[in-house]
Each structure stands twice: as structure tokens, then as C-alpha cells.
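Under this note's numbering, read the sequence shown as residues 55 to 671, first letter to last. Everything on this sheet refers to the single structure shown next.
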Amino acid sequence: MGVIDEVKQRLDIVDVVSDYVTLHKSGRNFKALCPFHTEKTPSFFVFPERQSWRCFGSCASGGDIFAFVMKKEGIDFGEALRLLAQRAGVTLAPKGKERAEEGERFYHINEAAALYYHNLLLKAKGAEIARSHLERRGVSAEMVQVFQLGFSPDSWDALLKHLVNGGYGEDELLAAGLVMEREGGGRRDLFRNRLIFPIRNEQGRVVGFGGRALDETLLKYLNSPQTAVFDKSGVLYGLDRAKGAIRGQGLAIIVEGYMDVIAAHQFGMTNVVASMGTSVTPRQIDLIRRLAANLTLALDADAAGDGATLRGLEIARKAFSQRLTSMSDWLGGTSKLRGGLKITLLPRGKDPDEVLRESPEEWQRLVEEALPLADYFFEAVTSRLDLTREEDRALAAERLLPFISEMEDGVERELYLKRLAGLVGVDEKTLQTRAAELRPTKGERAKRVVSLPPSQLLRHPVEEYCLSLLLQHPQLRAIGEQFSAEDFEGTENRELFLAWRDSPDEETLRQILDVNLREHFESLMNRELPPASERELETALVDHLRRLREERLRRLKVVEGVLISEAESEGDKNVIKEQVETLLQSGLEVTAQLKRLFEKEKSEVEWSDELGKERRS
């Protein structure tokens, strides 16, 4: 959960607004004289269920808790967030500019370290041990250059001295994870006598390092610690080099180690990336899912099927399926995109590096024969059981039924239930009944949604879709400039739109964006959009702009209906006479705007077509 949502969850809009105005109960809501203009009849309403407010008088404005504080205090979003976070007891990250400058500094430090290590590998006499190691492993000179491999000397402070002489401070190097504190005082290099693998993010910037020992050190591989720019769980080694092939082939292959990736790329298998020795994480899955609909995990046959591996695959399966589900929900319908998560089992005792060097054709065959995850689960579970024994058959059903019950595709679910029934000798209808009990009903799923807190309920999928289009496709800027801040109900979306509008490019946007909006920004940048031509993207954006304005007007109609009903139930004829008259007038204006909007729909699409033709010419 981001800090913005956390603040929303901890604070109640009624409490915050009550600090500025005197609220009076009005049915399920609250009303007051508007604090933003002079009036005699209350037109300012607070809605606890939606955690929002709106003035139906001359202000004609509204929003959430942030929008209220910003307007009342005359401050920007960042200041409002800091004020409310302090009240809620939520700790914020450093200001956006400070955080951006720190991150940029770390990138420069890492680039300088990578260049230093690389030059040592190529030229230093002491690096002969590293060069010999690479030669024995069959790594070509081209791959050494492509991945900028390096060598850290067997010295306590060679890198430290080099970077300090280059103008970097020791505290910076410590924070960047390149040096560490010594027990007796002082600092020393983290990597000593190791083959160095610079780790780059998707944009190709060095965020950390991996080091392979070249002596008898017990710790064979050592990675940079977590820093402001490096989190191992959110990076895939080689993705900067592989993303084009992954997108082109619609398939990503995740292996375990650095050398596996280098070997694959050397033999032309450039859609391969590495999880760097850890189980695949949801964040890593997210990186892949926006590039390709298919993912294959290469597993060591010796580890396949054990408890830790199965748990890791279950996490990957859920992250993979949730990615599809969230995209479907976000677009407001059922996604037609289908993807597959498969498992490639390696020959016993061999890693991808060895398989590739012995026979690239064998590697290709293994990838092509990868098992769908469900088939792998069946094989992994049943291979460790004796299905002639009643207790093992029961155990197989116990382990596999929950997995089958969560399958979204009904036909797929029935096929695997039939397969399980044959394996364990149980009537298929019995298993279907049990699977139905394990699977939440639509009503139960609906209850889960309803029970979510307001900050989770009040998402704005159409707003987020529009922003994702604008962020991911700079060529749509001309259409995006037709939007206004009032088109966005969510404060985070409104602030992000305003920052986008004021930024000529992505780099500038990242620099000016408040650090507490970064997570929201990254999620929209990384969201998977259905494949579409430029013309289709333009038409979709125009259509969703219309939908945004329709939604805003419909919300007003609903709110007006609630308020009119509550005013009538209160029996206050004066309120009904003055307030409802104003609301009804506003309602008539809403209806008129909707009518004009629908009449404009055809011309807007035609305008989009013409704009697309002009841009393409």
C-alpha cells in the first residue's frame, strides 16, 4: 500500500473537514455553509461513504480529503500530503527533488564503478584469473563488452580510493552499497577478487552489482545490498538487453544465474533474463507481463517438485493470473488476452549455461516442450506419492484440488478435475462438489469487494487507463492536451496529469514528480495495454475522454438524487425550496451537458481519425 492510500485509510474526511467548518448531519451525509464562498443556504456536502465532498453552489467543485486541504490551505499536493501524513502518523519519503537527485547520484556512482571494474578486467595483470575463468566458460569477447563484465581486485579499498579521487564521498559510496564498514573502523570495498556483473534496470542504468568469487571464498555469489535504486526482488538481470526480443516473440524465459543469461544471448536466445538466484517475485512477474503474455521458468530437475519450489511457483502463478485479472478489471470488462505460464525442466545436474554450450538445439527443444504449469503441478505432486496407497491418493487430491478450483477458465477446470478423478479413483462429481466449495462464489467475491476500505474502493479505472495511454505513448500528447484537471476525480490522477502536462518528456516528469506519486506513476507506466495501432490508440483515448466526462456528470446526478431525497425526508420546506431548486437546476445542466457530449461523440472520433492521418503523413 502506498503512503497516499495509507493516509486515506487512517483519516476520516468528516473529522478533517470539521476542523474548518461546522458540519450538520443530513441523512447519511453532512452539510455546511461552503467554506470557499459566501452563502446563506448550505450547499457544501461531505459524503462519508465515498470519503469525498462537493459544493453545489457557486464553487461547483469537489474532491477527496487532499483536494479539500489543498483548496482550503492554498497549498500544493505535496504540502497537503505532508500535512495530512503528519496528522495520520504516516512517514513520508524525502521530497521528490531530493529523492530524484539522490537516485541520480547513485546511478552516476554505479556507472563509474562499472567502468572501473570493466577496464580492470580488460587490462589489469591481476585480472588474468577472471579472464581465464571466462575463457573456460566459453564467454565471447563480444559478450564481455555487451554485459560490461568486470573484475574487482583482491584489495581492501581499490574501488574506494578510485571513486573518492573521482569526487564521490565515502558516505555516498556506503549508501550506494559499494563499500561497507570494517569491524575495526573505517570502510572497505564490498567486492574483492570477484568477477563482476553490473545489474541494470529496464532502462539500462546500473543499479547494483553481482560478484562471483574467483578463489575458495565460501560465499560463491555476492550481490549489492538494497539501496535507493536497487531492490533485487524488482529487477531481472538482462532485461534491458532482452525486452525487445521478449516483446517481439511474446515470450520471456527466466533462468537463475548471470552466466545462464550471457550464454543464452551469446547463442541468439535473446529473450532470456535471470532472477539472480531467487524465486521469481510478483514484481518481476509484473515486469514481464507488460512485455509478453507468455512466460517460461527454467527449473533445475533436482529442485523441481520440492516444497520451496512449489511455493515459489504458486506465488508466480498468482502474480501472473492477477496481472491478467487486474488488467481486465481496469479496462472494465473481460480481457480477451490469454497468456501461459510454463515450466522447462532441465536435465538433471545441468544448468542452462551447460545445456546451451553443449547443444543450443537441445535448449530450444526443452523450451518448446515446456509443460503448462498445471501439468507440472500434477507431475510434481504425484511423482512423490504412491497412488496405489489410499492415503497418498487422498493427499494428492488435497494438494491439487485447491489449485484446480482457482482456475478461471471453466473448461480447463473441468478437464483437470477429470484427470484428477482418474488418478485418485474418485468420482468426478465428488471432486466437482469439493472444488466448488473451495472456489468463492460470485456473491462471496462481491462481498469481499464491498468490504474493502474506501481507499481501495474508490479506484478510477478510466482515469488510469487514459493516463497509461498518455504516459506510454508520447505521440498522443496532442489529444492529451484536450483533457483538463477537472476530468480527473482522483487527486493522485489529477496531480499526475498536471505534472505530465507541464513536462515535455518522461525524464522531466520523473524529476518534477513528488516522490510519493512515484509508485502510482510506475504502476501506470508498467500497466499492460492491449496491442493496438496508432490510429486505434488515438480513437481509444478520445473515446475514454468522453467516458470520463460522462462519469463525472452521472456522479453528480446520483449525488443530487440522494440529497434531494434526504432533504425531502427531513421535511424542511425551506431547504427543499431553496436547496433542491438549486440542485435541480444543476441536474438540468448535467442532462444538457450529457446530451451535448453524446452529440459530439461522432465528430470527436472523426477528429481523432483526421489527427491520426495528419500525424502519419
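For each residue, glycine too, the CB sits at the ideal point set by N, CA and C.
| message | To the nearest angstrom, how far is the alpha carbon of H162 from that of F284? | response | 14 angstroms
| task | Say whether chain B places a C-beta atom closer than 9 angstroms to the C-beta of G128. | result | In the structure shown, chain B cannot be found, because there is only a single protein chain.
| Closest by CA to H319, which one among D463, A229 and Q418? | By alpha-carbon distance to H319, the top candidate from D463, A229 and Q418 is Q418.
| field | Contact set for M313: own chain, Cβ-Cβ below 7 angstroms, skip 5 residues either direction | value | R191 and D407
| said: Do A86 and F160 have their beta-carbon atoms positioned less than 9 angstroms apart in this structure? | reply: no
| task | Check whether the Cβ atoms of T545 and I129 lie closer than 9 angstroms to each other. | result | no
| Residues near Y222 by beta carbon distance below 7 angstroms, same chain, minus five either side | I163
| said: Below 8 angstroms, how does it come out for the stretch 198–213 and the stretch 236–249: are there three or more Cβ pairs, yes or no? | reply: yes
| request: Determine which residues share a DSSP beta bridge with M234 and list them. | output: R242
| Own chain partners of L550 with C-beta closer than 7 angstroms, once the 5 adjacent residues on each side are dropped | Closer than 7 angstroms at the Cβ level, and outside the excluded window around L550, lie L521, L571, H574 and F575.
| request: Grab the span of the beta strand (DSSP E) containing R254 for me, first residue to last. | output: It spans R248 to R254 - the beta strand (DSSP E) in which R254 sits, taken as one unbroken run.
| request: Using the DSSP secondary-structure output, state which residues sit across from G544 in a beta bridge. | output: Answer by DSSP bridge pairing: none, since G544 is not bridged.
| said: Could you tell me the alpha carbon to alpha carbon distance between K62 and L175, rounded to whole angstroms? | reply: 52 angstroms
| field | Whole-number beta carbon distance between L351 and I316, since they are thought to touch under 8 angstroms | value | No, I316 and L351 are not in contact; Cβ-Cβ is about 19 angstroms, not under 8 angstroms.
| task | Just tell me which of R295, L244 and D481 has its CA closest to the CA of L273. | result | L244
| task | Identify which residue in D463, V465 and E482 has its Cα closest to the Cα of K472. | result | E482
| request: Could you tell me the distance, in whole angstroms, from the CA atom of P102 to the CA atom of L65? | output: As the crow flies, the alpha-carbon of P102 is around 11 angstroms from that of L65.
| Between which two residues does the beta strand (DSSP E) harbouring A35 extend? | Lying before the first or after the last residue shown, residue 35 is absent from the chain, which here runs from 55 to 671.
| query | Which residue from F263, G394, W107 and V421 puts its Cα closest to that of L353? | reply | V421
| task | Kindly list the residues whose CB is nearer than 6 angstroms to the CB of F98, restricted to its own chain and excluding five residues on each side of it in sequence; keep chain order. | result | A86, C88 and C109
| task | Examine the Cβ distances between the stretch 210–229 and the stretch 294–310 and report whether three or more of them are shorter than 8 angstroms. | result | no
| request: Could you check what DSSP says for R82 in three-state terms: helix, strand or coil? | output: coil
| message | So for A346, helix, strand or coil by DSSP? | response | coil
| Whose C-alpha, out of R344, L345, L349 and V334, is nearest the C-alpha of L364? | Cα-wise, what sits closest to L364 is V334.
| query | In whole angstroms, what is the alpha-carbon distance linking R254 and G464? | reply | 41 angstroms
| query | What residues match up with P406 in a beta bridge as DSSP calls it? | reply | Per DSSP, none; premise fails for P406.
| Going by the CB atoms, is the gap between L425 and L399 shorter than 9 angstroms? | In this structure, L399 sits near L425, with a CB-CB distance shorter than 9 angstroms.
| message | Let me confirm a value: T436 is counted as buried when at least 16 other C-beta atoms fall within 10 Å, else exposed. Which label applies? | response | So T436 ends up on the buried side.
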